[in-house]
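Residue numbers (our numbering): 5 to 351.
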């Protein structure tokens, strides 16, 4: 009784480890050798390789190691396939008579019993194929998950950097504006101080001049008193009263000027401080607004990432359930075949 030969299937990851070539390079070779390198695929679209494809990939690896170009490798493979097809056609033509004689001899013998399928080997092959497919799907999902996480990290990092830069620029502009206003306030205070100092100097000059005039007046009065000793005490009292009134008027003028200068300086300082406080409050409100926007953006990114992971997990579960259903149907079909009689394969 003849035995069935089950071809072993390898995933692209196993082939990569076996021939020591990255999976991306293998996919690129498949594109470059389109029409010459045929890689079978499963119903789900996953690649699987047999010994034939692996041998062809090893030949391509040797030719690439010898620094052959893609066009040269393609031409050599086309020539090789042409020679193989010609050899196969010649072999089929020469073997036809022998096959005919063998058919005549075997037709005289009684029909052999039908071959019972080896279900254990079939299940082992299906289980191996399932493991390879699940491993490839998990690798693809893991790589997609890593790419999504990296992309989200980059977007969050980029958004954070842009927000920090915006805040830094806003704070810098506010600081420069505050510094400018402080400089203007300092200039205003300095100017007011200079004006006050000039006022004091003018008042001092006025007092000095008044003192000089008073001294001159006293001297003149002394001379008049010395010369005119006959004047009465009433005249002297009147002169004293006039001197006191003149001194009081001079003091009142000085006090009024000082009060007016102080009031103007205090009013300017209060206005400037109120303006600076308003600018600081405005900058704080802008910073709080930007912080809230940043928090909302981060929450939105995290929600999007979680939703994507949930959808990917659901797809994996659905594919595993579909594959389990396929394996169960295969087992039921095999069990149904085993229940038939081994001498009635045609029933």
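Even for Gly, the Cβ is constructed at its ideal location relative to N, Cα and C. If you're wondering where the values come from, they're calculated on a predicted model, not measured in any experiment.
Determine the direct distance from the alpha carbon of residue j to that of residue i, and round the result to whole angstroms.
{"i": "residue 268", "j": "residue 185", "result": "18 Å"}
{"i": "residue 278", "j": "residue 286", "result": "12 Å"}
{"i": "residue 39", "j": "residue 48", "result": "22 Å"}
{"i": "residue 352", "j": "residue 310", "result": "Shown here, the chain extends from 5 to 351; a query on residue 352 therefore has no answer."}
{"i": "residue 306", "j": "residue 323", "result": "26 Å"}
{"i": "residue 3", "j": "residue 28", "result": "Limits of the chain in this structure are 5 at one end and 351 at the other, which puts residue 3 out of reach."}
{"i": "residue 18", "j": "residue 77", "result": "24 Å"}
{"i": "residue 210", "j": "residue 241", "result": "26 Å"}
{"i": "residue 319", "j": "residue 290", "result": "44 Å"}
{"i": "residue 303", "j": "residue 296", "result": "11 Å"}
{"i": "residue 221", "j": "residue 260", "result": "26 Å"}
{"i": "residue 248", "j": "residue 231", "result": "24 Å"}
{"i": "residue 321", "j": "residue 56", "result": "33 Å"}
{"i": "residue 223", "j": "residue 212", "result": "16 Å"}
{"i": "residue 16", "j": "residue 339", "result": "32 Å"}
{"i": "residue 341", "j": "residue 315", "result": "39 Å"}
{"i": "residue 139", "j": "residue 50", "result": "11 Å"}
{"i": "residue 187", "j": "residue 298", "result": "34 Å"}
{"i": "residue 353", "j": "residue 228", "result": "In this structure the chain extends from 5 to 351, so residue 353 is not present and cannot be described."}
{"i": "residue 149", "j": "residue 33", "result": "26 Å"}
{"i": "residue 332", "j": "residue 326", "result": "10 Å"}
{"i": "residue 159", "j": "residue 177", "result": "26 Å"}
{"i": "residue 12", "j": "residue 44", "result": "13 Å"}
{"i": "residue 283", "j": "residue 294", "result": "17 Å"}
{"i": "residue 217", "j": "residue 226", "result": "14 Å"}
{"i": "residue 252", "j": "residue 276", "result": "37 Å"}
{"i": "residue 68", "j": "residue 87", "result": "22 Å"}
{"i": "residue 154", "j": "residue 31", "result": "24 Å"}
{"i": "residue 274", "j": "residue 301", "result": "41 Å"}
{"i": "residue 84", "j": "residue 46", "result": "28 Å"}
{"i": "residue 335", "j": "residue 157", "result": "46 Å"}
{"i": "residue 266", "j": "residue 256", "result": "16 Å"}
{"i": "residue 206", "j": "residue 262", "result": "12 Å"}
{"i": "residue 71", "j": "residue 82", "result": "18 Å"}
{"i": "residue 219", "j": "residue 272", "result": "41 Å"}
{"i": "residue 328", "j": "residue 292", "result": "54 Å"}
{"i": "residue 180", "j": "residue 288", "result": "15 Å"}
{"i": "residue 258", "j": "residue 238", "result": "31 Å"}
{"i": "residue 245", "j": "residue 270", "result": "38 Å"}
{"i": "residue 131", "j": "residue 337", "result": "16 Å"}
{"i": "residue 113", "j": "residue 66", "result": "Note that residue 113 scores 38 on pLDDT, short of 50, meaning its location in the model is unreliable; the coordinates nonetheless yield the value given after this. So the alpha carbons of these two residues sit roughly 50 Å apart."}
{"i": "residue 147", "j": "residue 308", "result": "18 Å"}
Excluding the five sequence neighbours on either side, which residues of its own chain have a C-beta within less than 6 Å of the C-beta of residue i, listed in chain order?
{"i": "residue 74", "result": "36"}
{"i": "residue 330", "result": "none"}
Pull the bridge partners of residue i from the DSSP assignment, please.
{"i": "residue 51", "result": "45"}
{"i": "residue 14", "result": "53"}
Can you list, in chain order, the residues of its chain whose CB lies under 8 Å from that of residue i, leaving out five sequence neighbours each side?
{"i": "residue 14", "result": "22, 52, 53, 54, 58 and 136"}
{"i": "residue 143", "result": "17"}
Compare the C-beta of residue i against all C-beta atoms of chain C and say whether one is closer than 8 Å.
{"i": "residue 330", "result": "Absence of chain C from the displayed structure is noted, only one protein chain being present."}
Keeping to the same chain, check which residues put their C-beta closer than 7 Å to that of residue i; ignore five residues upstream and five downstream.
{"i": "residue 214", "result": "254"}
{"i": "residue 312", "result": "152"}
{"i": "residue 145", "result": "316 and 320"}
{"i": "residue 173", "result": "none"}
{"i": "residue 280", "result": "182 and 185"}
Pairing CB atoms from the region 52–66 with CB atoms from the region 14–23, are three or more of them under 8 Å?
yes
Complete runs of the alpha helix (DSSP H) confined to the region 260–301 [at least 4 residues]
none
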